[in-house]
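Contents: one structure, followed by commentary.
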Amino acid sequence: NWDPEDMTVLANEQVIDGKGWRSGAEVEKRDLTQWFFKISDYADELNTALEGLDNWPAKVRLMQENWIGESRGLQFAFSTTANAPKGHDRIEVYTTRPDTLNGASFVGISPDHPLAKALEADNAELAAFCAECRKGGTTAAEVETAEKMGFNTGITVRHPFDTDHHLPVYIANFILMDYGTGAIFGCPAHDVRDFEFATKYELPIISTFLPTEDADPKVTEAYVPMKTEKVFYNGGFAGEQWQTGEQAIAAAIDFCEAKGIGQGVTKYRLRDWGLSRQRYWGCPIPVVHCDDCGVVPEKKENLPIELPFDVTFDIPGNPLDRHPTWRNTACPSCGKAALRETDTMDTFVDSSWYFARFTSPHADTPTIKEDAEYWMNVDQYIGGIEHAILHLLYSRFFARAMQITGHLPEGAIEPFNALFTQGMVTHEIYETKDERGRPVYHLPEDVTDGKLTDGTEVQITPSAKMSKSKKNVVDPLGIIANYGADTARWFVLSDSPPERDVEWTASGAEAAYKHLNRVHNISTRITEMDKDAKGTGDDDLLRAMHKAIHDVTVGVESFGFNAAIAKLYGFTAVMQKTKAGY
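Residue numbering for the sequence shown is 642 to 1223, as defined by our numbering.
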């Protein structure tokens, strides 16, 4: 994932809607040699351990579960027939729906599949198609909504249940290389994308199951029931005719294993963490490139590798590549002249273990295990939901790795006991396009009734995360000048539960300001009253006060700040009915 604006690689988690999480630029696909953390080795453990995180929000656990993406399916291979390049006599496929194999009408491969790349060399039209596909988005949502396009390779494969039945092989833009094997079999009757593709290219649509025994087998749209729903299977290989999808999938795997067609396997969507970044900021990757020895780890006594301070940023790209001396070093193995790695680590590496460093901040070593054992775990973590599949997942991985290296005790394998995800203060974004179609953002004060001062209409995005680059940040100094700091704090806490986003509006701030003025006026009047005189409503007021103290305390201790403030609004109303409120 190449960000052309930041001129660096991004991890899959940092590509949001096909754009770089920081720059917002359209992400491109490039082949680069990079460094990775093998987080995929921990996929099963990270997934299983989510069940024990009882004090984490269910939505965060679900987001991590979906990102890790455990699935049970069948791994098998189609054998190719004619026209396949040498060395490509098989196409490996992983499917989570082997119960639909009887309905296969084509095989699809990713534009980045080894077979597609082998065919590109001798077919300019095919190569152009693959290049166009690589410009598309890489997220599931983008692939889902994009127009389905394919290129018939002219190659066919044998169906594993009937070797006399051949299926055409297409390169398809909706198949991603980084999931499964980069190849699928298409069953249009029971997959929406396959149905759209088969309809476009006039491929057969064959039902493998129906909602009822006497249902019309003619397919006008993909029939995709829940796996827990019982349906009527046409083919006998899946066992009983009336089965749930889950039962039929298990039966299909057993059938294929017994016939030697394939093997039931568990796979994960989680990919290794690409940590190489082609930029200056970030920890240097401590390896050296030697012509004689190859890639060599730096000696431990030479760590940490420090970045140079005399770099220039006048040219796009990584300034470490252009530095006159920093790259030059001696090979740790043979002592000959060698070059340092100029890629730096993703900055999420640093944020993945800072909590462990806090247990011994003055130590000369990364951590002191005894101190970590005393202080860990983090009792309460407060952070944004946007970190669910980035920082929070990486930190869980790092804690396991640091336990193996001896930097953390066994009890810290899950570093955060409890998690609270606060919302963000949001504001509208005002956007136009330049002559090249790129977004241009405008300050709120430059927009009136949806138009700029020159009459140009703007596109308004409501309730967006505040961002300096998108010019929708509310200046706190302006708020303080108009209303005071207490008003800003009061409005943010009072508008909605803290786990939800709150949209900053002038009317909301004004309402908070008026309430605080009422409180101030009541307080002022109380100081002027005769403190020795007992009023007829004093007992009621005392009861209301103690109830407010109780309710506010409960609200604050449970992070229900808006509920606590609502109780204070109520108590203010009670106060206003006293002499102090007149």
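The beta carbon of each residue, even a glycine, is placed where N, CA and C say it ideally should be.
Open item on the list: Taking 7 Å as the limit between beta carbons, can you name the residues of its chain near Ile1023, skipping five residues before and five after?
Closed with: Cβ within range, chain order: Phe1061 and Gln1063.
Open item on the list: Please return the same chain residues whose Cβ sits closer than 8 Å to the Cβ of Tyr909, not counting the five positions on each side in sequence.
Closed with: The residues Ser681, Ala684, Asp685, Asn688, Ile709, Gly710, Glu711 and Ser712, in chain order, have a CB closer than 8 Å to that of Tyr909 in the same chain once the five nearest residues on each side in sequence are set aside.
TODO: Indicate whether His729 and Ala824 have their beta-carbon atoms separated by less than 8 Å.
DONE: No; because the gap between Cβ atoms is not below 8 Å, this pair is not in contact.
Task: Alpha-carbon to alpha-carbon, Phe717 and Pro845 - done: Distance between the alpha carbons of Pro845 and Phe717 is about 22 Å.
Task: First through last residue of the beta strand (DSSP E) which encompasses Thr1067 - done: Membership of Thr1067 in the beta strand (DSSP E) is indicated by the continuous run Val1066 to Lys1074.
Open item on the list: With H, G and I counted as helix, E and B as strand and the rest as coil, what does DSSP make of Trp914?
Closed with: Strand.
- [ ] Report the rounded CA-to-CA distance for Phe954 versus Asn1113, giving the unit in angstroms.
- [x] Going from the Cα of Phe954 to the Cα of Asn1113 covers about 27 Å.
Task: Euclidean distance between Cα positions of Trp697 and Thr1165 - done: The alpha-carbon separation between Trp697 and Thr1165 amounts to approximately 44 Å.
Open item on the list: Strictly by DSSP, which residues pair up with Ser1199?
Closed with: DSSP output for Ser1199 lists no bridge partner at all.
- [ ] Using the Cα positions of Val936 and Thr722, report the straight-line distance between them to the nearest angstrom.
- [x] Distance between the alpha carbons of Val936 and Thr722: 41 Å.
Open item on the list: DSSP has Val936 in a bridge; who is on the other side?
Closed with: Note: Val936 sits in a beta bridge opposite His930.
TODO: Look at the Cβ atom of Gly744, then the Cβ atom of Cys828, and state whether they are nearer than 8 Å.
DONE: Using a Cβ distance threshold of 8 Å, Gly744 and Cys828 count as a contacting pair.
Open item on the list: Quick check for students: name the residue ranges of the alpha helix (DSSP H) that lie wholly in the region 1005-1083, counting only runs of 4 or more.
Closed with: Runs found: 1010-1016 and 1032-1045.
- [ ] Would you give the residue range spanned by the beta strand (DSSP E) that Gly827 belongs to?
- [x] That run of the beta strand (DSSP E) goes Ala824 to Gly827.
- [ ] Taking only the alpha-carbon atoms, compute the straight-line gap between Pro938 and Cys931 and give it to the nearest angstrom.
- [x] Rounded to the nearest whole angstrom, the CA to CA distance from Pro938 to Cys931 is 11 Å.
Open item on the list: Less than 8 Å between the beta carbons of Leu980 and Arg968, yes or no?
Closed with: Using a Cβ distance threshold of 8 Å, Leu980 and Arg968 count as a contacting pair.
Open item on the list: Could you check whether the region 724-739 touches the region 751-766, counting it as contact only if at least three pairs of C-beta atoms, one from each stretch, sit closer than 8 Å?
Closed with: Yes: at least three Cβ pairs fall under 8 Å.
- [ ] Determine the DSSP secondary structure at Tyr874, reduced to helix, strand or coil.
- [x] In the three-state reduction of the DSSP assignment, Tyr874 falls in the strand class.
Task: Limits of the alpha helix (DSSP H) - the one that Asn688 falls within - done: For Asn688, the uninterrupted alpha helix (DSSP H) segment begins and ends at Ala684 to Thr689.
Task: Span separating the alpha-carbon of Trp676 from that of His1048 - done: Roughly 22 Å separates the two Cα atoms.
Task: Beta-carbon separation (whole angstroms), Asp1127 vs Leu1157, contact threshold 8 Å - done: Separation of the CB atoms of Asp1127 and Leu1157 is rounded to 6 Å, and the pair is thereby assigned contact status at 8 Å.
Open item on the list: Given this structure, state the Cα-to-Cα distance separating Ala1204 from Ala1129, to the nearest angstrom.
Closed with: Their Cα atoms are separated by approximately 17 Å.
Open item on the list: Nearest by alpha-carbon distance to Pro645: which of Val668, Val656 and Ile956 is it?
Closed with: Measuring from the Cα of Pro645, the nearest candidate turns out to be Val668.
- [ ] Using the DSSP secondary-structure output, state which residues sit across from Gln1100 in a beta bridge.
- [x] DSSP, once it has assigned bridges, lists Glu1072 as partnering Gln1100.
Open item on the list: Between which residues of its own chain and Gly1211 is the CB-CB distance below 6 Å, once the five residues before and five after are set aside?
Closed with: Closer than 6 Å at Cβ, skipping near neighbours: no residue.
TODO: Please list, in chain order, all residues of the same chain as Trp883 whose beta carbon is under 7 Å from its beta carbon, the five residues on each side excluded.
DONE: Cβ within range, chain order: Lys871 and Phe873.
TODO: Could you spell out the range, first to last residue, of the beta strand (DSSP E) harbouring Ala889?
DONE: Membership of Ala889 in any beta strand (DSSP E) is not indicated; the residue belongs instead to the alpha helix (DSSP H) covering Gly886 to Ala899.
Task: Beta-carbon gap between Thr985 and Ile926 smaller than 8 Å - done: In this structure, Thr985 lies near Ile926, with their beta-carbon atoms less than 8 Å apart.
- [ ] Would you mind sorting Glu1055 into buried or exposed? The rule is 16 or more other CB atoms within 10 Å of its CB.
- [x] Classification for Glu1055: buried.
Open item on the list: Check this for me: beta carbons of Ser1104 and Glu1144, under 8 Å apart or not?
Closed with: Yes, the pair counts as a contact, with Cβ atoms nearer than the cut-off.
TODO: To the nearest angstrom, report how far apart Phe1202 and Val990 are at their CA atoms.
DONE: Roughly 33 Å between the two C-alpha positions.
Task: Pairwise C-alpha distance: Arg1077 and Asn724 - done: Going by the C-alpha atoms only, they are around 43 Å apart.
Task: Burial state of Asp1179 (16 or more Cβ within 10 Å) - done: Its Cβ having fewer than 16 others within 10 Å, Asp1179 is exposed.
- [ ] In angstroms with no decimal places, state the Cα-to-Cα distance between Thr869 and Ala891.
- [x] Rounded to whole angstroms, Thr869 to Ala891 spans 13 Å at the Cα level.
Open item on the list: If the criterion is Cβ atoms closer than 8 Å, does the pair Ser974 and Tyr1035 meet it?
Closed with: The Cβ-Cβ distance between Ser974 and Tyr1035 does not fall below 8 Å.
Open item on the list: Below 8 Å, how does it come out for the region 855-862 and the region 763-776: are there three or more Cβ pairs, yes or no?
Closed with: The region 855-862, when compared against the region 763-776, does not touch it at the 8 Å Cβ threshold.
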